[in-house]
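In the numbering used here, the protein residues as written are 20 to 108.
Just so it is clear, CB atoms sit at the ideal spot from N, CA and C, and this is done for glycine as well.
Have a look at this one:
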């Protein structure tokens, strides 16, 4: 089960990085779980909304306002998406 979670986490992370490339033009290799609104100047309130819309399109989901508010780093976005897939609680 743990290997399955890690494989899925890596796939999710790849898609998240792709969204950052589409929206912000950031090289995926320059991004990590620790990338956040605090340490990526181009990630502001307006680009945050655009990123969330792109992620909803990529993953076929609609985020709740609570989820959106919690998604301030790549790591936290990954956790929300893992929860959505029922892999963590």
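Could you have a look at residue i and say whether DSSP puts it in helix, strand or coil?
| i | result |
| --- | --- |
| residue 83 | coil |
| residue 51 | coil |
| residue 108 | coil |
| residue 91 | coil |
| residue 102 | helix |
Thinking just about the alpha-carbon of each residue, which of the options is nearest to the one in residue i?
| i | options | result |
| --- | --- | --- |
| residue 33 | 47, 23, 21 and 76 | 47 |
| residue 85 | 25, 21 and 99 | 99 |
| residue 38 | 102, 23 and 78 | 78 |
Would residue i pass as a contact of residue j if the rule is Cβ separation under 8 Å?
| i | j | result |
| --- | --- | --- |
| residue 96 | residue 35 | yes |
| residue 89 | residue 54 | no |
Using a Cβ distance threshold of 8 Å, determine whether the region 27 to 34 contacts the region 61 to 72, with at least three qualifying pairs required.
The answer is no - the region 61 to 72 does not touch the region 27 to 34, with fewer than three Cβ pairs under 8 Å.
Hey, is the region 29 to 49 in contact with the region 59 to 69, meaning 3+ C-beta pairs nearer than 8 Å?
Here the region 29 to 49 lies against the region 59 to 69, with 3 or more beta-carbon pairs under 8 Å apart.
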